[in-house]
Amino acid sequence: MAAAKANFTRMQDGTAEEYAAIEEADAKYFADLPGRVAAAVAGLAKEGLGGYAVDRTQHSLQSATRAHRAGEDVEYVVAALVHDVGDPLAPFSHGRLAASILKPFVSPRITWIIEQHPVFQMYFYAPHMGGTRDARERFRGHEWFEDAAYFCEHYDENCFDPNFETLELEFFRPMLDEVFGRTPNFPETAAHI
52 MAAAKANFTR MQDGTAEEYA AIEEADAKYF ADLPGRVAAA VAGLAKEGLG GYAVDRTQHS
112 LQSATRAHRA GEDVEYVVAA LVHDVGDPLA PFSHGRLAAS ILKPFVSPRI TWIIEQHPVF
172 QMYFYAPHMG GTRDARERFR GHEWFEDAAY FCEHYDENCF DPNFETLELE FFRPMLDEVF
232 GRTPNFPETA AHI
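And the structure:
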């Protein structure tokens, strides 16, 4: 049996009963967020950005595997796993998109690292492509500058190894469930959830 649908055509015309039904449907949808994030990571293998020795899914899994094996906490490992998930839709601002996905569930520090990682990553390759490796210097003095530099050096720029023993995506599923199963700490969504 299909769930009841609202009859309004403008949100301002909705009734309490209609919004109660919508909230019930939303709860089911929100509960599957970890599954959708896992599917997005898996889907990176089908996306472009060719030329690398591994696809984006393998890159993401290497990043998360390295973070996990180094003893990083669950937020950090999940952030490593999803740091490039924005590439298909936002190739010029993928860090910001990934950070937006994480923001309601992780610390501001982790959010900032992921948002800025594309700029910090340039340190390792930009001179070979006509850019400057010092783009990250505009953030020098920021409290998380060294954290972002560390992330890129240890969990991003070195994650293109086709021979690396990478953990499978399913290994990370309980971590995705934990992080994305949290009550969001995003003020603008508080009234909706």
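Here the sequence shown is numbered in the working numbering, starting from 52 and rising by one per residue.
By construction, the Cβ of each residue, glycine as well, lies at the ideal position given by its N, Cα and C atoms.
Bear in mind the structure is a predicted one, so any value in this text is a computation, not a measurement.
Secondary structure at TYR206: helix, using DSSP grouped into helix, strand and coil. In this structure, the beta-carbon distance from VAL133 to PRO213 does not fall below 8 Å. Judged by DSSP in its simplified three-state form, VAL157 adopts coil rather than helix or strand.
Between GLN167 and PHE190, the CB-CB gap stays under 8 Å. A residue is called buried when at least 16 other Cβ atoms come within 10 angstroms of its Cβ; ARG187 meets this threshold and is buried. Residue environment analysis places ASP77 among the exposed positions, since fewer than 16 neighbouring C-beta atoms fall within 10 angstroms of its C-beta.
For PHE211, the number of other beta carbons within 10 angstroms of its own is below 16, and it is reported as exposed. Taking 8 Å as the cut-off, the beta carbon of TYR174 is found closer than this to the beta carbon of CYS203.
Rounded to the nearest whole angstrom, the CA to CA distance from LEU140 to ALA55 is 32 Å. For MET226, the enclosing alpha helix (DSSP H) covers residues 220-231. In the three-state reduction of the DSSP assignment, LYS56 falls in the coil class.
Rounded to whole angstroms, the Cβ separation of PRO85 and ARG233 is 10 Å, and the two are not in contact under 8 Å.
Selection ARG117, ASP138, ALA67 and ALA71 evaluated against LYS97 yields ASP138 as nearest (Cα-Cα).
In terms of Cα proximity to ALA200, the closest of ARG160, HIS179, GLY182 and MET62 is ARG160. Sequence-distant partners of LEU220 (beyond 5 residues in either direction) whose C-beta falls short of 7 Å from its own C-beta, in its chain, are ALA89, VAL92, ALA93 and LEU112. Inclusion of GLY65 and ALA71 in the CB contact set at 8 Å is not warranted, their separation being larger than that value. The beta-carbon distance between GLU197 and SER158, rounded to whole angstroms, is 16 Å. This is too long to meet the 8 Å contact definition.
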